[in-house]
Amino acid sequence: MGMTDGETVQYVRFQSPHRNGRGHFTGVFGLVNTLAREGRLSDEQESFRRSNNRWYDAAYTDPSTVDPTVYDDEVNPGAAAWFKPSAAHLLARLPGYLEILAAHGIDCRVLRSVDPGRVVYEDDVQVVVVPYASDPAGTGASWTGAGPPHSTA
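The numbers in this note's numbering rise by one with no breaks, and the one at position 109 of the sequence shown is 336.
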């Protein structure tokens with residue numbers, strides 16, 4: 228993993244710097260969806276979330292619809308999705324999600340890695356990996372920022 232035709236492939240993930248109740252690092256979409264479930268979004272933020280979540284649902288595959296066990300903790304402990312460089316069109320919409328998180332004081336790290344873990348699912352725009360045992364923080368690499376990383380997305 229990490230090399231394609233001699234070029235280094237760098238994967239990217241946006242996640243909380245803090246473990247959730249299940250011991251995992253919630254990704255950017257999960258963080259915003261949690262705010263929505265808690266009723267904390269403004270009408271404008273909720274409208275953005277709903278319309279963009281629909282767009283994402285149509286734009287790329289939910290790995291769990293292909294393999295229902297992909298996020299199963301017993302089968303793939305700590306599995307997390309990372310965007311591929313080919314996902315630029317998907318990354319382009321992330322600043323709006325990051326702005327929502329920043330407005331609510333929710334930290335979100337940008338992680339980049341050439342080898343974030345053992346691949347358990349892959350398609351044209353993403354991989355789902357299980358972090359290596361030597362990477363208990365699930366970072367795959369050092370993080371490159373916190374809060375809205377508009378300049379790195």
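Note that beta-carbon positions come from the ideal geometry of N, C-alpha and C, so glycine has one too.
As the structure is a prediction and not an experimental result, all values here were calculated from the model.
So what's Gly305 in DSSP terms, helix, strand or just coil? Residue 305 sits at position 78 when you count from the first residue of the sequence shown. Note: Gly305 maps to coil in three-state DSSP.
CA nearest to the CA of His316, picked from Val352, Ser278, Gly248: To locate residue 316, count along the sequence shown from 1; it is residue 89. Closest by alpha carbon: Val352.
How many angstroms separate the CA atom of Gly266 from the CA atom of Val236? Numbered from 1 along the sequence shown, position 39 holds the residue referred to as residue 266. Numbered from 1 along the sequence shown, position 9 holds the residue referred to as residue 236. C-alpha separation (whole angstroms): 38 angstroms.
Quick check on Pro343: buried or exposed, where buried means 16 or more other Cβ atoms within 10 Å of its Cβ? If you number the sequence shown from 1, residue 343 lands on position 116. It counts as buried.
Quick one: what does DSSP say Gln272 is sitting in, helix, strand or coil? Here residue 272 refers to the residue found at position 45 of the sequence shown. Correct three-state label for Gln272: helix.
Got a sec? Which residues, its chain only, sit under 8 angstroms from Asp270 by beta carbon, not counting five neighbours each side? Sequence index remark: in the sequence shown, residue 270 carries index 43 (1-based). Cβ within range, chain order: n/a, list empty.
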